[in-house]
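Right, one structure below, let's go through it.
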Amino acid sequence: MAEVFADLVGQAEAVATLRRAADSAAALLRAEAVPATGAGGPAAESAAAAGAGMTHAWIFTGPPGSGRSVAARAFAAALQCVHGTGCGACPGCHTTLAGTHADVRLVVPEGLSIGVGEMRALVLRAASTPSGGRWQVVIISDADRLTEAAGNALLKAIEEPPPRTVFLLCAPSTHPDDVSVTIRSRCRIVPLRQPPADAVAEVLVRRDGIAPDVAGWAAAAAQGHVGRARRLARDPEARQRRDAVLAVPRRLTGVGAAFDAASALIEAAEAEAAASVAELDEAERAALQTALGAGGTGRGAAAAMRGAAGQLKDLEKRQKSRATRAQRDALDRALVDLAGFYRDALASALRAPVAPVHTDTAALAEAGAQKWAAEGALRRLEAVLECRGAIEANVKPRIAVEAMMLALWKG
Ligand SMILES: [Zn+2]
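Each residue of the sequence shown is one higher than the one before, counting from 493 in my numbering.
Okay, here's the thing in structure tokens:
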């Protein structure tokens, strides 16, 4: 098995930092294992020296798909590695990467935000002594989706960390909108960059066994998003959805067509989101009903039913929040694809020596460039980016998309 950082695509600098930290962390554990000869004795001194590259709180930043959570998980594995290197083969590495290590907790928000209850429970468990004798690791995969109260609960833990606990936060950036200034000030930051298309293609070929020509096309079309590239290479439905989005520019022939295109885009995002959460929703509902003993009779059944109604309502609320999030994510992917098309048109109008994002619509983008010139292509690109920004700022998606389609049609 490859060492734990092998799947971190095009991130040499970050990997070097994390390896150094893992080395320091391992040295720290070794130094602590030596019986101390008293406060300030040689063991304490060497422990301090050994820990120089390690710290208890980290933030991984980078654009979506750059591998923030992959990096966090790989680092967690390196910390739990029984050899202290992230060998990828020992039980520590293996169980961490598989998500079953007892001392590694991963928080993946399913709704639009991570709540305070979830965070408090997590912080409490993170304070316990690591059962494997190494580190308690908490990975928060979208720290930008913490509620303010949850952020405060986390901050308290980071300010007064238990001795063997490590927090790994992932966020798009260290902007105050994503991570509070006080949390940020207590963390070491590991910036990840958008991996180059050839590095993404290489990992698709090596790790996923995808044919080189398909991998090359998918890596370019996914604009540095590793997971998206893999989906495009493997999933025909994902390819169809992308084709439909890239057909939008040539369908914008009038006001009516612009509104139709807006409806089609919104409905496609809704359908994609519904398909992605339906199975999970049903499984959760069935699991909850089983846990609540649906159909049970006898003493306490009436009281249980009253409690059950509340729990079912809670579940429905969480599922609704997750569905909204899935819709936004699907719509955002579509907008990123569309932005890529107008970026190609702009590059073509400027005769910029860069490879197109969408090789399969490059000719169309070129035709657009001739019609619109650089200014027109730029205005259209900005209309797509503005639409993304508006949705991010909670403008109703339909309104934002309609405004964008009109702008794309009028230029
Ligand atoms: Zn290992």
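Don't be surprised by glycine CBs; every beta carbon is placed ideally from N, CA and C.
List the whole-angstrom C-beta distance separating residue i from residue j, where the pair is believed to meet the contact cut-off of C-beta under 8 angstroms.
i: residue 693; j: residue 707; result: 4 angstroms
i: residue 689; j: residue 711; result: 4 angstroms
i: residue 686; j: residue 558; result: 6 angstroms
i: residue 682; j: residue 552; result: 5 angstroms
i: residue 512; j: residue 662; result: Actually they are not in contact, since the Cβ atoms of residue 512 and residue 662 sit about 20 angstroms apart, beyond 8 angstroms.
i: residue 506; j: residue 568; result: Not quite, the Cβ-Cβ distance comes to about 14 angstroms (not below 8 angstroms), so this is no contact.
i: residue 597; j: residue 617; result: 7 angstroms
i: residue 580; j: residue 495; result: 4 angstroms
i: residue 614; j: residue 630; result: 6 angstroms
i: residue 826; j: residue 761; result: 6 angstroms
i: residue 900; j: residue 741; result: 7 angstroms
i: residue 873; j: residue 898; result: About 15 angstroms; that fails the 8 angstroms criterion.
i: residue 807; j: residue 777; result: 7 angstroms
Which value, in whole angstroms, describes the spacing of the CA atoms of residue i and residue j?
i: residue 641; j: residue 498; result: 36 angstroms
i: residue 510; j: residue 756; result: 44 angstroms
i: residue 752; j: residue 723; result: 27 angstroms
i: residue 833; j: residue 870; result: 11 angstroms
i: residue 895; j: residue 843; result: 29 angstroms
i: residue 754; j: residue 664; result: 28 angstroms
i: residue 813; j: residue 571; result: 34 angstroms
i: residue 748; j: residue 903; result: 16 angstroms
i: residue 861; j: residue 763; result: 32 angstroms
i: residue 537; j: residue 644; result: Below a pLDDT of 50, predicted positions are generally treated as unreliable, and residue 537, at 48, falls in that range; the measurement from the model is reported next regardless. The alpha-carbon atoms of residue 537 and residue 644 are separated by roughly 33 angstroms.
i: residue 680; j: residue 650; result: 12 angstroms
i: residue 612; j: residue 854; result: 51 angstroms
i: residue 578; j: residue 626; result: 13 angstroms
i: residue 600; j: residue 607; result: 11 angstroms
i: residue 857; j: residue 877; result: 17 angstroms
i: residue 830; j: residue 848; result: 13 angstroms
i: residue 845; j: residue 733; result: 29 angstroms
i: residue 823; j: residue 519; result: 47 angstroms
i: residue 750; j: residue 892; result: 12 angstroms
i: residue 698; j: residue 691; result: 11 angstroms
i: residue 500; j: residue 719; result: 12 angstroms
i: residue 573; j: residue 667; result: 32 angstroms
i: residue 704; j: residue 726; result: 13 angstroms
i: residue 885; j: residue 636; result: 14 angstroms
i: residue 819; j: residue 835; result: 24 angstroms
i: residue 811; j: residue 800; result: 16 angstroms
i: residue 773; j: residue 684; result: 33 angstroms
i: residue 544; j: residue 515; result: 10 angstroms
i: residue 889; j: residue 546; result: 43 angstroms
i: residue 695; j: residue 851; result: 20 angstroms
i: residue 765; j: residue 779; result: 22 angstroms
i: residue 781; j: residue 768; result: 22 angstroms
i: residue 586; j: residue 632; result: 20 angstroms
i: residue 671; j: residue 554; result: 13 angstroms
i: residue 675; j: residue 882; result: 27 angstroms
i: residue 521; j: residue 669; result: 36 angstroms
i: residue 550; j: residue 655; result: 15 angstroms
i: residue 865; j: residue 660; result: 46 angstroms
i: residue 653; j: residue 594; result: 19 angstroms
i: residue 700; j: residue 721; result: 11 angstroms
i: residue 783; j: residue 582; result: 36 angstroms
i: residue 591; j: residue 628; result: 14 angstroms
i: residue 758; j: residue 821; result: 12 angstroms
Across which residues does DSSP place residue i in a beta bridge pair?
i: residue 709; result: Residue 709 is not bridged to any residue.
i: residue 553; result: 663, 683
i: residue 628; result: 657
i: residue 883; result: Answer is none; residue 883 lacks a bridge partner.
i: residue 606; result: 638
Chain D beta carbons: is any one of them nearer than 8 angstroms to that of residue i?
i: residue 691; result: Absent from the structure is chain D; it holds one protein chain and no more.
Is residue i near ligand 3, going by C-beta to nearest heavy atom under 7 angstroms?
i: residue 573; result: What this structure holds is ligand 1, not ligand 3.
Note down, one range per segment and in chain order, each beta strand (DSSP E) of at least 3 residues found wholly within the segment 630-673.
657-663
Please give the ranges of any alpha helix (DSSP H) in the segment 726-767, keeping only runs that are unbroken, at least 4 residues long and fully inside the region.
728-738, 740-743
Suppose only complete runs of 3+ residues qualify. What are the beta strand (DSSP E) ranges in the segment 561-601, listed by chain order?
596-599
Of all the alpha helix (DSSP H) runs that stay within the bounds of the segment 797-822, which reach a length of 4 or more residues?
none
Please give the ranges of any alpha helix (DSSP H) in the segment 824-890, keeping only runs that are unbroken, at least 4 residues long and fully inside the region.
854-884
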